[in-house]
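See below for the structure under consideration.
In this note's numbering, the protein residues as written are -2 to 88.
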């Protein structure tokens, strides 16, 4: 559902108040495998996670990622923004 992301973030933060958005996204992608997620951005997320890319990410290290990865990670962020928009219009 549209609220899945928010419910998941709430649950993660109950267990770990310091959880990052990347940790939440990791679980979100596991939960929402075939819903809102495009195959291209899911592939990018899996590759990024496989090398533990988000663990100590900074803006500078993010900018050093291959352009293809940055582009696909932006797709993930756009999907998150779309989920936010859906939630706002639902109210």
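Note that CB positions come from ideal geometry on N, CA and C, so glycine has one too.
Quick one, which of the options has its alpha-carbon nearest residue i's?
i	options	result
residue 74	21, 14, 12	21
For residue i and residue j, I'd like the C-alpha separation in whole angstroms.
i	j	result
residue 57	residue 7	29 Å
residue 15	residue 78	21 Å
residue 65	residue 10	31 Å
residue 81	residue 71	15 Å
residue 67	residue 17	18 Å
residue 62	residue 13	28 Å
residue 85	residue 60	31 Å
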